[in-house]
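A.B. asks:
In this note's numbering, the protein residues as written are 60 to 211.
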């Protein structure tokens, strides 16, 4: 699931009307993700190194271009309202269930994020990203505990 945790940074859900296989859906999703990522990089001026650092190391909390990138990306993916003031959790939950393989009952770990507020859309996206990733790490940790308990 680590790949999918990182994909929250810029992933776009597919809205295909035709039936396609799961692997094809993921491929299309990754193509859309790349397109959205490139578009938002150009629009915001964020550097690829900043995005890679956010995925591999830590999220740059004081980088305004990165925050703008998140806003751009989340709006284009349908995770953020057009005015930038509201995270659209139904869309996010659908992605996490359909594309990332999380069970609906696991998503309660990110419900606390719904109360996060911020002064600007960039700060909101950044705070929500941190909270969502923390919640999904809890899901993964809980899965490890369950697996270890079963194997013991």
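Even for Gly, the Cβ is constructed at its ideal location relative to N, Cα and C.
A quick note: this is a predicted structure, and the numbers were derived from the prediction, not measured.
DSSP state of residue 139, grouped into three classes?
C.D. replies: Residue state, collapsed to three classes: strand.
A.B. asks: Would you check if there are 3 or more beta carbon pairs closer than 8 Å linking the stretch 167-185 to the stretch 143-153?
C.D. replies: The stretch 167-185 vs the stretch 143-153: in contact.
A.B. asks: Buried or exposed: where does residue 162 fall if 16 or more other Cβ atoms within 10 Å of its Cβ makes it buried?
C.D. replies: Looking at its Cβ environment, which holds fewer than 16 other Cβ atoms inside 10 Å, residue 162 is exposed.
A.B. asks: Looking at the unbroken alpha helix (DSSP H) that takes in residue 109, where does it start and where does it end?
C.D. replies: 107-115 is the extent of the alpha helix (DSSP H) around residue 109.
A.B. asks: State yes or no: is the C-beta of residue 168 within less than 8 Å of the C-beta of residue 151?
C.D. replies: Their beta carbons are not under 8 Å apart, which means residue 168 does not touch residue 151 by this criterion.
A.B. asks: Of the choices 125, 103, 101 and 104, whose alpha-carbon is the least far from that of residue 112?
C.D. replies: The candidate whose alpha carbon is nearest that of residue 112 is 125.
A.B. asks: Please report the Cβ distance between residue 99 and residue 131, rounded to the nearest whole angstrom; I am assuming they are in contact, meaning their Cβ atoms lie under 8 Å.
C.D. replies: Rounded, the Cβ-Cβ distance is 4 Å, consistent with contact.
A.B. asks: Return the residue from the list 160, 136 and 157 that minimises the CA-CA distance to residue 147.
C.D. replies: Comparing Cα-Cα distances from residue 147 to each of 160, 136 and 157, the minimum goes to 136.
A.B. asks: Here's a check: name, in chain order, each residue in its chain whose Cβ is nearer than 6 Å to the Cβ of residue 175, leaving out the five neighbours to either side.
C.D. replies: Cβ within range, chain order: 186, 187 and 190.
A.B. asks: Out of curiosity, what's the CA-to-CA distance linking residue 155 and residue 93?
C.D. replies: Roughly 18 Å between the two C-alpha positions.
A.B. asks: In chain order, what residues of the same chain lie with their CB nearer than 7 Å to the CB of residue 103, ignoring the 5 residues before and after it?
C.D. replies: For residue 103, where only same-chain residues beyond five positions count, the Cβ hits under 7 Å are 124, 127, 128 and 131.
A.B. asks: Is it true that the CB of residue 117 sits closer than 8 Å to the CB of residue 109?
C.D. replies: Cβ distance not < 8 Å, so residue 109 and residue 117 don't count as in contact.
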